[in-house]
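Working notes for the structure below.
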Amino acid sequence: MKSKYWISIVIITALTIVLNIIAFSKSFCDWYTVTVYRAINAVVGTLTGWFKLPLDEIIMYVGALMLVLIPVLGIVRIILLKKKAYKNFYNGYLKICLMTIMLFLLVYTTNWFIPIRGNVLKIENNSRTVFTDEELEQLRTE
């Protein structure tokens, strides 16, 4: 029997690939941005609005640290060849890193790649580029 972990990885990877392929259709991107993305943005915006820290940057730094630790821990793994407990820890760490990367790619696809490829976000006949803090706050809360 295949493990639930690998089945999850395959499903997340397939979903990410399919969404990225479909995202080459402007009509799909427009539909997605107006319907699905608005719902996602409302939920995520509400949740992240409670934090004063830039959560996306913190997540990026944690992810970068995780990736830097792979070769470092791999060297330790080579040194401790006979230690089964460390081998199990390292293999688990690699699985966590792979799942994190795959989930990041799926979130990146659904929150950035698809909406940016559509026509909905384009503003025409508007030369205004300076906005007040109040206007930006009102736009964010709507």
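Just so we're aligned: the sequence shown equals residues 0 to 141 in numbering that gives the first Met the number 0. C-beta: ideal position from N, C-alpha, C; glycine also. The structure presented is a predicted model; accordingly, all values stated were derived computationally and were not measured.
Which of helix, strand or coil does DSSP assign to residue i?
i, result
"Leu80", "coil"
"Leu46", "helix"
"Thr131", "coil"
"Leu52", "coil"
"Asn118", "coil"
The alpha helix (DSSP H) that contains residue i, what's its start and end?
i, result
"Val17", "3 to 21"
"Lys25", "25 to 31"
Can you give me the C-alpha to C-alpha distance between residue i and residue j, rounded to a whole angstrom?
i, j, result
"Met0", "Val43", "Low local confidence applies: a pLDDT of 49 at Met0 is under 50, so the model's placement there is unreliable, with the coordinate-based value given in what follows. Going by the C-alpha atoms only, they are around 36 angstroms apart."
"Ile77", "Leu54", "35 angstroms"
"Leu135", "Ile57", "23 angstroms"
"Lys82", "Val17", "41 angstroms"
"Phe103", "Ile8", "12 angstroms"
"Leu79", "Gly73", "10 angstroms"
"Asp132", "Val71", "45 angstroms"
"Met98", "Ser2", "14 angstroms"
"Cys28", "Ile6", "28 angstroms"
"Leu46", "Ile39", "11 angstroms"
"Phe88", "Gly48", "35 angstroms"
"Phe130", "Phe112", "26 angstroms"
If residue i sits next to residue j, beta carbons under 8 angstroms apart, how far is it from one beta carbon to the other, in whole angstroms?
i, j, result
"Tyr4", "Lys86", "With a Cβ gap of about 17 angstroms, Tyr4 and Lys86 do not count as contacting."
"Ile118", "Lys25", "Just to set this straight, residue 118 is Asn in the shown sequence, not Ile. 6 angstroms between Cβ atoms; contact."
"Arg116", "Ala22", "5 angstroms"
"Leu105", "Ile11", "6 angstroms"
- Query: Hey, is the region 14 to 34 in contact with the region 51 to 66, meaning 3+ C-beta pairs nearer than 8 angstroms?
  - Reply: No, the region 14 to 34 does not touch the region 51 to 66.
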